[in-house]
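**Q** Structure provided below as structure tokens; questions to follow.
Next up, the structure:
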């Protein structure tokens with residue numbers, strides 16, 4: 009993409025008029041009833057010069073209008089005082105429109121040269137507001153392509169720049185995306201910290217962002233195995249979502265059920281799952297139904313109610329060939345089947361679906377489920393020998409290692425383990441491994 013747009017010599021009077029016409033803002037919308045009543049006409053007619061204090065006043069009023077219209081734009085005094093700067097902004101908008109087309113067309117290949125050209129313009133004219141918009145959009149594209157590291161690179165840039173506009177409501181949208189990226193990359197504690205900072209100003213957060221903030225906040229606690237705090241956040245979330253946002257309402261009940269399940273309160277978990285199914289009746293059933301069926305089946309295995317467990321397992325199997333294997337939910341559904349089969353003592357079926365879940369977790373870049381399935385297969389291997397277990401470990405080695413959060417402590421542990429192996433101190437090696445697994449809350453094989 010090459011956008012060679014000439015920088016015009018339009019004076020500030022022309023720029024002000026262009027901005028109003030482009031954004032469809034009348035003089036009266038800007039002036040209102042106060043001292044600016046004749047200001048716009050006088051400036052645009054050339055009867056008075058545009059000074060910095062007037063430029064600030066006009067931009068403040070324009071930005072209020074843009075926020076009321078929920079438009080992702082910010083006007084700054086420099087845009088009115090420097091025509092070349094505003095022309096550069098319009099050129100940047102052309103780049104952004106092209107990126108938006110990539111996103112909408114699900115074309116996630118971004119030309120590096122285009123990014124370089126865009127960043128040159130952004131830096132040349134210090135276009136902070138456009139940087140935020142562009143970086144968020146690039147982050148969205150990388151999120152959709154499931155490149156979470158690149159998404160983090162750009163979404164964190166966008167978030168850092170929001171401090172320039174602290175009262176901007178759209179900042180919360182970027183914050184939610186960044187925190188969700190932390191969760192996707194297994195950095196749930198970082199997500200919790202970000203949510204807690206945001207909730208200090210809870211009255212300033214628009215409800216449409218607050219409900220997503222609450223859900224991801226609860227999810228982060230769940231991933232950290234902090235089930236009571238997660239349930240507290242879910243309780244607040246349900247107050248906002250009931251009969252308003254049906255998708256989040258359903259997800260909140262499902263997450264509530266997962267928390268109860270992990271806490272051993274299986275009856276409460278079943279109640280939550282059934283509430284989630286009830287919400288689905290308002291929106292129509294989809295693959296999400298099978299996610300809930302899988303959770304219900306697991307709860308019944310915990311209650312030793314095999315008949316009801318098989319009822320929900322069979323309901324999933326009846327339609328499993330029709331499910332979208334490229335969807336985020338498919339590997340999770342397979343994992344749920346595997347867990348239920350393992351609890352029911354059907355280890356061959358459990359092995360089959362753990363492997364299926366592992367395969368599609370890798371294809372769909374679900375790091376959490378790669379690790380989850382691998383751990384389950386290794387633990388199942390202690391009960392029944394898994395076919396090709398060592399080949400599976402080697403096949404997914406890189407995926408597992410990339411998900412490890414290394415620090416000096418973890419490196420020290422690995423060096424201790426290697427020292428034991430090098431010196432054939434296998435008993436000490438095994439004891440340290442068992443201590444690590446036990447400390448992390450895992451099951452010693």
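In my numbering, the protein residues as written are 9 to 453. C-beta atoms are modelled at their ideal positions from N, C-alpha and C, and glycine is treated no differently. None of the values given here were measured: they were computed from a predicted structure.
#1: How is residue 459 classed by DSSP in three states: helix, strand or coil?
#2: Out of 130, 390, 378, point me to the one whose CA is closest to residue 169's CA.
#3: Helix or strand or just coil, what does DSSP make of residue 28?
#4: Classify residue 379 as helix, strand or coil using the three-state DSSP reduction.
#5: When you compare each of 390, 370, 36, 438 to residue 405 by their alpha carbons, which one comes out closest?
#6: Specify, as a first and last residue, the run of the alpha helix (DSSP H) that residue 340 falls within.
#7: Under 8 Å between C-beta atoms, does residue 176 make it to chain C?
#8: Closest to residue 23 by C-alpha separation, out of 93, 142, 189, would be which residue?
#9: Compare the C-alpha of residue 186 against each of 161, 173, 68, 388 and name the closest.
#10: Helix, strand or coil: how does DSSP classify residue 106 here?
#11: Please go through the same chain and pick out, in chain order, the residues whose beta-carbon is closer than 8 Å to the beta-carbon of residue 145, but skip the five residues on each side of it.
#12: On the three-pair Cβ rule with 8 Å, is the segment 119-136 touching the segment 152-159?
#13: Please classify residue 83 as buried or exposed, where buried requires at least 16 neighbouring CB atoms within 10 angstroms.
#14: If you drop the 5 nearest sequence neighbours on each side, which residues of the same chain put their C-beta closer than 6 Å to that of residue 232?
#15: Residue 1 by DSSP, collapsed to three states: which one?
#16: In this structure, does DSSP put residue 79 in helix, strand or coil?
#17: Check each candidate in 372, 234, 374, 304 and name the one with the smallest Cα separation from residue 344.
#18: Among the residues of its own chain, which have a CB less than 8 Å from the CB of residue 454, if the five just before and after it don't count?
#19: Does the beta-carbon distance from residue 52 to residue 25 come in below 8 Å?
#20: For residue 395, does the three-state DSSP call read helix, strand or coil?
#21: Which of the three DSSP states is assigned to residue 431 in this structure?
#22: With distances taken Cα to Cα, identify the nearest neighbour of residue 210 among 338, 180, 189.
#23: Whole angstroms are fine: how far does the CA of residue 437 sit from the CA of residue 399?
#24: Can you give me the C-alpha to C-alpha distance between residue 165 and residue 135, rounded to a whole angstrom?
#25: Using DSSP with H/G/I as helix, E/B as strand and the rest coil, what is residue 112?
#26: So, using beta-carbon positions, are residue 226 and residue 213 closer together than 8 Å?
#27: How big is the Cα-Cα spacing for residue 275 and residue 217?
#28: Going straight from the alpha carbon of residue 267 to that of residue 403, what length do you get?
#29: Does the Cβ of residue 32 lie closer than 7 Å to at least one heavy atom of the ligand FAD?
#30: Can you look up residue 94 in the DSSP assignment and give me helix, strand or coil?
#31: Work out the CA separation of residue 252 and residue 58 for me, nearest whole Å.
#32: Compute the Euclidean distance between the alpha carbons of residue 61 and residue 81, then round it to the nearest angstrom.
#33: Alpha carbon to alpha carbon, what distance is there between residue 66 and residue 132?
#34: Using 8 Å for Cβ pairs, my map puts residue 300 next to residue 262. What's the rounded Cβ distance?
#35: Identify whether residue 56 lies in helix, strand or coil by the three-state DSSP scheme.
**A** Taking the coordinates as given:
#1: This structure leaves residue 459 out entirely; the chain is present only between 9 and 453.
#2: Mapped onto the chain shown, residue 169 falls at position 161. When only C-alpha atoms are compared, the closest one is 130.
#3: On the chain shown, residue 28 is found 20 positions in, with the first residue counted as 1. Residue 28 falls in the helix class under three-state DSSP.
#4: Translated into positions along the chain shown, residue 379 becomes position 371. If DSSP states are grouped into helix, strand and coil, residue 379 belongs with the helices.
#5: On the chain shown, position 397 is the one that residue 405 refers to. For the residues 390, 370, 36, 438, the minimum Cα distance to residue 405 belongs to 370.
#6: As a position in the chain shown, residue 340 is number 332, starting the count at 1. Where residue 340 is concerned, the enclosing alpha helix (DSSP H) stretches over 336-351.
#7: Going by chain labels, chain C is absent from the structure shown, which holds only one protein chain.
#8: Position 15 of the chain shown, counted from the first residue, corresponds to residue 23. Comparing Cα positions, the closest option is 93.
#9: Along the chain shown, one-based indexing puts residue 186 at 178. Of the listed residues, the one whose Cα sits closest to residue 186 is 161.
#10: In the chain shown, the residue the question calls residue 106 occupies position 98. It is helical.
#11: The residue given as residue 145 occupies position 137 in the chain shown. Counting only Cβ-Cβ distances below 8 Å, and skipping sequence neighbours, we find 104, 107, 108, 111.
#12: no
#13: Counting from one through the chain shown, the residue named residue 83 turns up at place 75. With 16 or more other Cβ atoms within 10 Å, it is buried.
#14: The sequence position of residue 232 within the chain shown is 224, counting from 1. Excluding residues within five positions, the ones whose Cβ falls inside 6 Å are 196.
#15: The displayed coordinates of the chain run from 9 to 453. Any statement about residue 1 would go beyond what the structure contains.
#16: The count along the chain shown starts at 1 and reaches residue 79 at position 71. Looking at residue 79 - three-state DSSP - the assignment turns out to be coil, as it is neither helix nor strand.
#17: Along the chain shown, read from residue 1 onward, the residue named residue 344 stands at position 336. That would be 304, whose Cα lies nearest to the Cα of residue 344.
#18: For residue 454 there is no data in the structure shown, the boundaries of the chain being 9 and 453.
#19: Locating residue 52 in the chain shown gives position 44, counting from the first residue. Locating residue 25 in the chain shown gives position 17, counting from the first residue. Closer than 8 Å, so yes.
#20: As a working note, residue 395 is residue 387 in the chain shown. Three-state DSSP puts residue 395 in coil, outside helix and strand.
#21: Position 423 of the chain shown, counted from the first residue, corresponds to residue 431. It is coil, neither helix nor strand.
#22: The residue labelled residue 210 in the question sits at position 202 within the chain shown. Of 338, 180, 189, the residue nearest in Cα terms is 180.
#23: Counting from one through the chain shown, the residue named residue 399 turns up at place 391. Counting from one through the chain shown, the residue named residue 437 turns up at place 429. Using only the alpha carbons, I get a separation of about 23 Å.
#24: As a working mapping, residue 165 is identified with position 157 in the chain shown. As a working mapping, residue 135 is identified with position 127 in the chain shown. If you take the alpha carbons of residue 165 and residue 135, they lie about 14 Å apart.
#25: By 1-based counting over the chain shown, the position of residue 112 is 104. Residue state, collapsed to three classes: helix.
#26: Taking the first residue of the chain shown as position 1, residue 226 is located at position 218. Taking the first residue of the chain shown as position 1, residue 213 is located at position 205. No; because the gap between Cβ atoms is not below 8 Å, this pair is not in contact.
#27: Here residue 275 is taken as the residue at index 267 of the chain shown, counted from 1. Here residue 217 is taken as the residue at index 209 of the chain shown, counted from 1. Roughly 32 Å between the two C-alpha positions.
#28: Looking up residue 267 in the chain shown gives position 259. Looking up residue 403 in the chain shown gives position 395. Residue 267 and residue 403: Cα-Cα distance of roughly 32 Å.
#29: Because no ligand of any kind appears in the structure shown, any question about the ligand FAD cannot be addressed here.
#30: Translated into positions along the chain shown, residue 94 becomes position 86. Residue state, collapsed to three classes: helix.
#31: Here residue 58 corresponds to residue number 50 of the chain shown, with the count starting at 1. Here residue 252 corresponds to residue number 244 of the chain shown, with the count starting at 1. Near 47 Å, if we compare the C-alpha coordinates of residue 252 and residue 58.
#32: Walking along the chain shown from the start, residue 61 turns up at place 53. Walking along the chain shown from the start, residue 81 turns up at place 73. Each residue's alpha carbon lies about 21 Å from the other.
#33: By one-based count along the chain shown, residue 132 stands at place 124. By one-based count along the chain shown, residue 66 stands at place 58. For residue 132 and residue 66, the distance between alpha carbons rounds to 24 Å.
#34: Working through the chain shown from its first residue, we reach residue 300 at position 292. Working through the chain shown from its first residue, we reach residue 262 at position 254. 6 Å between Cβ atoms; contact.
#35: Residue mapping note: residue 56 aligns to position 48 of the chain shown, counting from 1. Three-state result, residue 56: coil.
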